[in-house]
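Here's the structure we're looking at; comments come further down.
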């Protein structure tokens, strides 16, 4: 994975959080991570269905709809992209709900750091590859 570029989709309605996550990812030296940002539920759902992303970071708050709704819809549409749920709320119940619905992982935004985010992304991608291989 060291030479591969990871295509990452961020579905986040807050531009400040996009900038912060982009800054964190810019510090990752390897693997190279290419970040695309969608700031609405609809744009995010359209983008995740394309299948060009290795992983998706999905925020809980997305205007009138929320990330749990998007996560449920993506899974119902048989989305193969692993989704890491992110939120500014350190809510255990939300964490458990995201996991139950099908999130690959859950991160609190205040805990996101360069090495943590890069490691979680790598693990989620590898776990997803293994799940797909088992299904085949």
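In the working numbering, the protein residues as written are 575 to 710. Yeah, the Cβ is synthetic: ideal placement off N, Cα and C, and Gly gets one too. For clarity, every value in this text was computed on a predicted model and none was experimentally measured.
- By the 16-neighbour rule on beta-carbons within 10 angstroms, residue 646 is exposed.
- In this structure, residue 692 lies away from residue 585, with their beta-carbon atoms at least 9 Å apart.
- The count of Cβ pairs closer than 8 Å, one atom from the region 647-659 and one from the region 624-634, reaches three, so the stretches are in contact.
- Here residue 672 is buried: its Cβ has 16 or more other Cβ atoms, across all protein chains shown, within 10 Å.
- The Cβ-Cβ distance between residue 583 and residue 695 does not fall below 9 Å.
- Secondary structure note for residue 615: its alpha helix (DSSP H) is the uninterrupted segment 615-624.
- Counting the other CB atoms within 10 Å of its CB gives residue 670 a total below 16, which places it among the exposed residues.
- Taking residue 683 as the centre and dropping the five residues before and after it, the same chain places the C-beta of 591, 660, 661 and 662 closer than 7 Å to its C-beta, in chain order.
- Under the DSSP definition of a beta bridge, residue 633 partners with 660.
- Along the region 664-706, the beta strand (DSSP E) occurs as fully enclosed runs of 3 or more residues at 679-682, listed in sequence order.
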